[in-house]
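Protein chains in written order, with our numbering: chain Z, 15 to 545; chain E, 44 to 243.
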């Protein structure tokens, strides 16, 4: 690019100004300053030496660190899928690479011809010229609000001008939300309605026109759903008020390529997704868990529910990370349904990523991948299964224990992943040698003590299945929360690669092999427990 | 013709620029080498007098997933708190060496150790926890190593509580429990089982 020209020009100008100032001071002493100011300038030798000296100074001067600027992106929603393209700033305007924008939307080829840049998209010829605002699209001309330019071999067009340009190329209705950097190609918008309901008490039901998968975060006084991949559009008005003492209002906003729904609340909230992911019920934690807790149609295998944790915090729900298969969503159990047999807990999630297994692979994604497969494998064996998270959501350790205990499931499987060592490690709780509690209540810190023997049996059963699958498995104790607080048969599984290749943890085949062995082990333990 | 004083000025400027450049290069060079000299950041035991004593360290080994007992000779202070600190610092110093089988972050240290009726409270510094690798086994090995080493050298300790910078913390780096007390007897059993399993 022109950085070297810019550097040369600046170096020359700086050196000229310095020398000019020095010469004025010197000649002022000799009474000849006026001659220079009138334009006489420097002797020719200065012009030859000064740039070289200045350039040398500039080049050897240590570079100053530049502050990192935030990466801006344009979210594009199309019938083929959603994607983002980077947004660059030029002369105070937002620009996007035209190839980045069009490549996912159709057949594209491009070539540079001098200062011209020719492109063919779905059979239509497009011609740009560096520094010009006029673009030829077939036989028509489109005027951009600011000039097209090249940068690192990429053709950049102003964001404000992409709608007329793309309209001719895509022949579909387009809607650009320029301030929030969101582009809708075709009739893809997802709309929603919100309604306050009394069952569960003081809850709000959000109904969407298509399945959604937001990531959810909580802060004191609010629950926020972020829709990064869904073309969610705002209703009118963007703030809704409810006759609801727990959730008085809902606010929609969009910015930086995402849409957000924020529910203000006076109590900790929990969100639960419907199986088709078109409905999200948000309500007070107590109400949602109470509704999800099944009636004891069959005697519960656990002798007593665990006590409440020392402090209850707001919980959150689901959203599948990019690249994951759609989750077999956690269905809110109907009141008459029997309790699940197994609770599967994919550790970490949301902002809590767990171990960084590689530069691109986080533990939370591996555990979710295995959890989804394990859910399917257990269900196919006829074992009712509840996933504590089926998306990239954060749950605190206490919330996991509360939800698992409230479900009254017989088995609890916590999934972890690590890059250390090989094979699989099966952990049961590391507890002091105490006499298990009897009676209707269990101590929170040692709730697992009653079940430790059964947990070790389950661990052995799963280890035997791994041995059959030729995956090395080791049984250990670990101070791994929330195992100590689980009032049920509980085992944590930490999956490591079979060799040194950490990427195997993300391999569907390996994940399925691990899930199948765990499911077989649980099924065997269940058969052994059934009279 | 360039006046002489201008030539001198430019020569001086050029020399200054070259010297500055060389100085910056030297600083950069030293900064790059800093992580390699992690032993410089290892904790220093408090000064003490007296004959060296044999202490027992339980060293974690990532590859084997177990702790190995090792004896070391240390000159220990008589005060139990300083004594416990010295033992743990000797342990951490082993982990911050270049060829450690269980590396801990540079700057990891023990702020304080104190005893309350058979319970030892170990206060780790922030660098210990914030730079620790995340993972069930790797965190478990660290915690068990600290607890078992402390218990082996400080008779009468039945429980260990670990703090970070004087504060309670839920986990070390996402996995190992720091919210509860560690029972020394239970940890001893687990360490024995780990060693037995790794030697098979």
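Where is the CB? At the ideal position from N, CA and C, for every residue including glycine.
task = Would you check if the distance between the CB atom of residue 194 of chain Z and the CB atom of residue 206 of chain Z is smaller than 8 Å?
result = Pairing residue 194 of chain Z with residue 206 of chain Z gives a Cβ-Cβ distance that is not under 8 Å.
Simplified DSSP state of residue 217 of chain E, which is helix, strand or coil = Looking at residue 217 of chain E - three-state DSSP - the assignment turns out to be coil, as it is neither helix nor strand.
inquiry  = I want to see whether chain E comes within less than 8 Å of residue 520 of chain Z, judged by CB atoms only; does it?
reply    = Judged by the 8 Å Cβ criterion, residue 520 of chain Z is not in contact with chain E.
request  = Identify each residue in the stretch 176 to 196 of chain E for which the Cβ-Cβ distance to at least one residue of chain Z is less than 7 Å, and report them in chain order.
outcome  = For the stretch 176 to 196 of chain E, which is checked against every Cβ of chain Z, the residues closer than 7 Å are 177, 178, 179, 180, 181, 183 and 186.
key: Contacts around residue 340 of chain Z, its chain only, beta-carbon distance under 8 Å, and the 5 residues preceding and following it disregarded   = In this predicted model, residue 340 of chain Z has a pLDDT of only 32, less than 50, meaning its place in the structure is not dependable; the value taken from the coordinates is given anyway. Within the same chain, and ignoring the five residues on either side of residue 340 of chain Z in sequence, the residues whose Cβ sits closer than 8 Å to its Cβ are 225, 227, 291 and 334.
query = Hey, quick one: how far does the alpha helix (DSSP H) through residue 112 of chain Z stretch, first residue to last?
reply = Counting along the chain, the unbroken alpha helix (DSSP H) around residue 112 of chain Z starts and ends at 112 to 116.
key: is_contact[residue 73 of chain E, chain Z] using C-beta, thresh 8 Å   = Output row for residue 73 of chain E: interface = no.
query = From the beta carbon of residue 223 of chain E, is the nearest beta carbon of chain Z less than 8 Å away?
reply = Yes, its Cβ sits closer than 8 Å to a Cβ of chain Z.
inquiry  = In this structure, how does DSSP classify residue 111 of chain E when only helix, strand and coil are distinguished?
reply    = Note: residue 111 of chain E maps to strand in three-state DSSP.
ask   = Does DSSP classify residue 133 of chain Z as helix, strand or coil?
value = Looking at residue 133 of chain Z - three-state DSSP - the assignment turns out to be strand.
ask   = Who pairs with residue 95 of chain Z in a beta bridge, going by DSSP?
value = Paired residue(s): Z:92.
request  = For residue 358 of chain Z, I'd like the list of residues in its chain whose CB is within less than 8 Å of its CB, leaving aside the five on either flank, ordered along the chain.
outcome  = If we look at residue 358 of chain Z and ignore the five residues flanking it on each side, its Cβ neighbours are 385, 388, 389, 392, 399, 400, 401, 402, 427 and 429.
inquiry  = Distance cutoff 8 Å, beta carbons only. Does residue 240 of chain E sit that close to anything in chain Z?
reply    = With 8 Å as the cut-off, residue 240 of chain E counts as an interface residue toward chain Z.
message = As a quick exercise: from Z:122, Z:496, Z:183 and Z:479, pick the residue whose alpha carbon is nearest that of residue 534 of chain Z.
response = By alpha-carbon distance to residue 534 of chain Z, the top candidate from Z:122, Z:496, Z:183 and Z:479 is Z:479.
task = Give a yes or no on whether the minimum CB-CB distance between residue 375 of chain Z and chain E is below 8 Å.
result = Residue contact with chain E for residue 375 of chain Z: absent (no Cβ-Cβ distance below 8 Å to any residue of chain E).
task = List the residues of chain Z that residue 209 of chain E touches, going by C-beta distances under 9 Å, in chain order.
result = Against chain Z, the beta carbon of residue 209 of chain E has no neighbour under 9 Å; the closest one sits roughly 20 Å away.
Residue 240 of chain E to residue 99 of chain E span [Cα, whole Å] = If you take the alpha carbons of residue 240 of chain E and residue 99 of chain E, they lie about 21 Å apart.
ask   = Is it buried or exposed for residue 542 of chain Z, if we count other Cβ within 10 angstroms and need 16 for buried?
value = Exposed.
query = Taking the alpha carbon of residue 150 of chain E as the point to measure from, which residue in E:126, E:75, E:216 and E:136 has its own alpha carbon closest?
reply = For the residues E:126, E:75, E:216 and E:136, the minimum Cα distance to residue 150 of chain E belongs to E:136.
key: Beta-carbon separation (whole angstroms), residue 460 of chain Z vs residue 448 of chain Z, contact threshold 8 Å   = That belief holds up - the Cβ atoms of residue 460 of chain Z and residue 448 of chain Z are roughly 6 Å apart, short of 8 Å.
inquiry  = Quick check on the burial criterion: 16 or more other C-beta atoms within 10 angstroms. Buried or exposed for residue 51 of chain E?
reply    = By the neighbour-count criterion, in which 16 or more other beta carbons inside 10 Å mark a residue as buried, residue 51 of chain E falls on the exposed side.
task = Could you give the DSSP three-state label for residue 178 of chain E: helix, strand or coil?
result = DSSP places residue 178 of chain E in coil when its eight states are reduced to three.
ask   = What residues match up with residue 226 of chain E in a beta bridge as DSSP calls it?
value = DSSP links residue 226 of chain E through a beta bridge to E:202.
request  = Within the same chain, show all residues whose beta-carbon is closer than 7 Å to that of residue 92 of chain Z, passing over the 5 residues directly before and after it, in chain order.
outcome  = Short of 7 Å from the beta carbon of residue 92 of chain Z, and not among the five residues preceding or following it, lie these beta carbons of its own chain, in chain order: 119, 199, 200 and 202.
ask   = What first and last residue would you give for the alpha helix (DSSP H) that runs through residue 381 of chain Z?
value = For residue 381 of chain Z, the enclosing alpha helix (DSSP H) covers residues 377 to 394.
Alpha carbon of residue 172 of chain E to alpha carbon of residue 513 of chain Z, nearest angstrom = When rounded, the distance between both Cα atoms is 28 Å.
inquiry  = Counting only Cβ-Cβ distances shorter than 8 Å, please list the residues of the stretch 493 to 507 of chain Z near chain E, keeping chain order.
reply    = Listed by position, the residues of the stretch 493 to 507 of chain Z near chain E (Cβ gap below 8 Å) are 493, 494, 495, 498 and 506.
query = What did DSSP end up calling residue 241 of chain Z once you bin it into helix, strand or coil?
reply = When DSSP states are grouped into helix, strand and coil, residue 241 of chain Z belongs to the strand group.
task = Count the other C-beta atoms from every protein chain shown that fall within 10 angstroms of the C-beta of residue 157 of chain E, then say buried if there are 16 or more, exposed otherwise.
result = Burial state of residue 157 of chain E is exposed, judged by a 10 Å Cβ sphere holding fewer than 16 other Cβ atoms.
Expected contact under 8 Å - CB spacing of residue 424 of chain Z and residue 507 of chain Z to nearest Å = In this structure residue 424 of chain Z does not touch residue 507 of chain Z by the C-beta definition: roughly 17 Å separates them, more than the 8 Å allowed.
inquiry  = If contacts are defined as beta-carbon pairs under 8 Å, then residue 242 of chain Z and residue 272 of chain Z qualify, I think. What distance do you get, rounded to the angstrom?
reply    = Contact check for residue 242 of chain Z and residue 272 of chain Z: beta-carbon distance about 5 Å, within the 8 Å limit, so the pair qualifies.
ask   = Going straight from the alpha carbon of residue 282 of chain Z to that of residue 297 of chain Z, what length do you get?
value = Distance from the CA atom of residue 282 of chain Z to the CA atom of residue 297 of chain Z, rounded to whole angstroms, is 8 Å.
ask   = Listed in chain order, which residues of the stretch 442 to 471 of chain Z have Cβ atoms closer than 7 Å to some Cβ of chain E?
value = Within the stretch 442 to 471 of chain Z, the residues whose Cβ lies closer than 7 Å to some Cβ of chain E are 444, 445, 446, 447 and 459, listed in chain order.
inquiry  = Distance cutoff 8 Å, beta carbons only. Does residue 226 of chain E sit that close to anything in chain Z?
reply    = True, the Cβ-Cβ gap to chain Z drops below 8 Å.
inquiry  = Let's test the definition: count the other Cβ atoms within 10 Å of the Cβ of residue 522 of chain Z and tell me whether it reaches 16, buried, or not, exposed.
reply    = Looking at its Cβ environment, which holds fewer than 16 other Cβ atoms inside 10 Å, residue 522 of chain Z is exposed.
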